[in-house]
Amino acid sequence: MLLGTLLVLLLAGAAPASAHAALRASDPEDGSVVRTAPTHITLTFTESVGLLEDSFRIYGPDNRRVHMEEPEHAAGAADTARAALPRDLDEGTYTVAWRVVSADSHPVSGAFTFSIGKPSPTPPAAPQDHAEHPVTKSLYDTGRYLAYIAAALLIGTAAFAALCRPPDTGPLRAPLLFGWWTLLVTTAALLVLRAPYEKGASPLTALDVSTFPDTLSGRPGMALLARVLLLLTAALLLPVLRHRTLRTRVTAGAAFSVALALTWASAEHASAGIQVPVAMTSSVLHLLAMAAWLGGLTALLLTLHRAKTPPPYDTVARFSRLAFTSVTVLVLTGAYQSWRGLGSWSALTGTAYGRTLAVKLAATVFLLLAAALSRRWTALLARPAVAEERVPALVGASGPPPEPRTTHVTTAPPEAVEPEAVHRRALRRSVLAEVVVAVVVLLVTTVLTGTLPSRAEAEAAKAPAPQVAGLPGAQALTVPYDTGTPGGSGTVQLTMDPGRVGENGLQAVVFGPQGALSSVPEIRVTFTLPSKGVGPIDAGLTDRGGYWATNDLTLPLEGAWTMKLTVRVSDIDQVTVERGVRIGR
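The sequence shown begins at 41 in my numbering and counts up one residue at a time.
So, in structure tokens, the structure goes:
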């Protein structure tokens, strides 16, 4: 079952795609007026997509949802989704809201309208559809980061023990166990959070068992399940492998590491875009080289500090060669992946992906400088001052005297002990610096894997742009606030869907002074239309577990409305901020 799952993941990623799906075309087209009711809604994306149970939602001229069949892929086209429509659709304008999962595991959403016969005076507004729930996204991103660290620690420590052969492996047991348990727990958490992450729902919905079949049918869910099965299989086989030869253990460890790396490569950027087979191979090699280097660094640091006897020069030298090989692989695969993701030199500074990549490259340069310093101290440890003595061999108590023999004993004179101790302390410090910078590199790498590649961004720009929060005409604004008390400042991000006359949805997310998500006791929003003497109309926001929202804000007239935002940060501290909002038809 495990090998079959991995094979499906590998083959499923072999079709060309472009990371992060964008809507390429729709039938009917956005804004079109058709004479007769269409029999199907068909959407074509820039890459293969995964479908959710609620991927398509259509609302008629009366603002009611239209019942339709569950969407499915068009025959032989993983990048095309379609769903059958009822035959008795009325004349007027229809809103289509869609939500799918990109081949690189990221959910995307959007909306468009079409009309039958003639457009309606006021197009229907679908209920708000969150592109992503801020709390769910934060938890999911944290889990991904911890999983990267755990994988590096697990693979790197095992590689250090098998290839560098330290005499005392006692200090390595803790990082091996910590890496295995952390990777298992975070992967299980990611699997549970996958459904709310894809749907943009609250993490409180994560334990809805009815969503698990859909999660496990998608490629990201299959990859996470395969990772859990791999870790459990490794735990079961470990007692058996302990009695095998070193070569057998190394071969089994290498196979496990490659399979583990595939669970990432098959469900992230490498599985979508140009040259998918080459990209997935490069991604696997990149992750393994990263783990062997950065995880091995941690193992070396623990060995230097906690081993009963200092590791011999041979152990440090073997890791030095392993690190050099890993860096070479990282440079080659990183150069290829950068070219593949960027697409042009201008994207290095002109896109979020390029700027994040530049930060990673800068951190990697510091990492290489620290590594070079470690190699220097390693070389100094290889040249201790030695002296040779000629010691007479012991002669037997009886029998003829043997031929004179001598043995050579190499000892370090007292004056060589102090420089060696200095070099070992310097090596510990330089390795510690490498580990600290390595953690930063891993953090930036996690951000990079969740950022739209520049090449895909350029391609997506050619496709119809999705509306804010998946709804046509949605308005988004950021309002700063400051109560004048310590910690009483920040910003509120508000999104109004669709931002026109009639029923609207309103969402508010609060960020503290450091830009982190913040929880406040109350948020109140009212709307007033001074020119008509209308209002104030209370939006009636309620706490949805990490953000505030309502689906029942009705603004009856068009015009320049005044929005009053009140943020209460404590029992006695609150502030009210006004903003102008234009409401049209």
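Every residue gets a Cβ at the ideal spot worked out from N, C-alpha and C, and that includes glycine.
As the structure is a computational prediction, the values presented were derived from the model and not from experiment.
Cβ neighbours of residue i in the same chain (closer than 6 Å, five flanking residues each side left out)
i, result
"Pro147", "Val141, Glu238"
"Trp220", "Leu194"
"Pro506", "With a pLDDT of 42 at Pro506, under the threshold of 50, the modelled position of this residue cannot be trusted; read the value that follows with caution. Gly150."
"Phe200", "Gly336, Ala339"
"Ala114", "Thr120, Arg122"
"Arg105", "Tyr99"
Residue i classed as buried or exposed, judged by whether at least 16 other C-beta atoms fall within 10 angstroms
i, result
"Gly150", "buried"
"Thr76", "exposed"
"Val371", "exposed"
"Trp379", "exposed"
"Phe364", "exposed"
"Glu131", "exposed"
"Lys572", "exposed"
"Leu434", "Summary for Leu434: the model assigns pLDDT 36, below 50, so the residue's position carries little reliability; its value from the coordinates is reported in the next sentence. Flag for Leu434 reads exposed."
"Arg184", "buried"
"Ala548", "buried"
"Asp102", "exposed"
Contact check, residue i vs residue j, beta carbons under 8 Å
i, j, result
"Gly624", "Thr602", "no"
"Ser155", "Thr133", "yes"
"Thr227", "Pro215", "no"
"Ala292", "Ala191", "no"
"Gly552", "Gly524", "no"
"Pro236", "Thr176", "yes"
"Arg358", "Leu203", "yes"
"Thr84", "Arg64", "yes"
"Arg213", "Thr355", "no"
"Ala678", "Val324", "As shown, the chain starts at 41 and ends at 625. That puts residue 678 outside it, with no answer to give."
"Val550", "Leu597", "no"
"Pro253", "Arg234", "no"
"Ser178", "Glu308", "no"
"Ala263", "Thr303", "yes"
"Thr368", "Ser322", "no"
"Thr343", "Pro352", "no"
"Ala299", "Leu270", "yes"
"Val477", "Phe406", "yes"
"Ala410", "Ser470", "yes"
"Thr594", "Glu543", "yes"
Proximal residues to residue i (C-beta, below 8 Å), its chain only, five neighbours per side dropped
i, result
"Lys348", "Asp208, Gly210"
"Pro576", "Thr566, Phe567, Thr568, Lys604"
"Met108", "Ile81, Phe96, Ile98, Ala123, Ala124, Leu125, Pro126"
"Lys158", "Val73, Glu131, Gly132"
"Glu618", "Thr602, Met603, Lys604, Leu605"
"Glu93", "Glu110, Asp254"
"Leu247", "Val232"
"Leu277", "Ala292"
Enclosing alpha helix (DSSP H) for residue i [first to last residue]
i, result
"Ser610", "Looking at the DSSP string, Ser610 is not in any alpha helix (DSSP H), and its letter there is neither H nor E."
"Ala263", "259 to 281"
"Leu194", "174 to 199"
"Ser242", "Counting along the chain, Ser242 falls outside any alpha helix (DSSP H), and DSSP gives it neither H nor E."
"Arg287", "286 to 305"
"His326", "316 to 330"
"Leu344", "336 to 346"
Identified DSSP bridge partners for residue i
i, result
"Gly545", "Asp537"
"Phe152", "Val136"
"Thr582", "Ala589"
"Thr120", "Thr84"
"Gly620", "Thr602"
"Asp522", "Ser529"
"Pro147", "Val141"
"Leu517", "Leu534"
"Val74", "Ile156"
Segment limits, beta strand (DSSP E) that includes residue i
i, result
"Thr594", "588 to 595"
"Val89", "89 to 99"
"Thr566", "562 to 569"
"Arg64", "63 to 67"
"Glu598", "Taken as a continuous stretch (DSSP letters only), Glu598 belongs to no beta strand (DSSP E), as it is neither H nor E."
"Ala114", "112 to 114"
Proximal residues to residue i (C-beta, below 7 Å), its chain only, five neighbours per side dropped
i, result
"Arg608", "Val560, Pro561, Glu562, Gln614"
"Thr79", "Ala124, Leu125"
"Pro243", "Val175, Thr176, Leu179, Leu233, Pro236"
"Ala117", "none"
"Gly528", "Asp522, Val609, Asp613"
"Gly258", "Gly90, Val141"
"Arg584", "Ser242"
"Phe218", "Leu193"
"Gly599", "Leu569, Ser571, Lys572, Ile623"
"Val519", "Thr531, Val532, Leu534, Leu605, Val617, Arg619"
"Leu186", "Thr222, Thr226"
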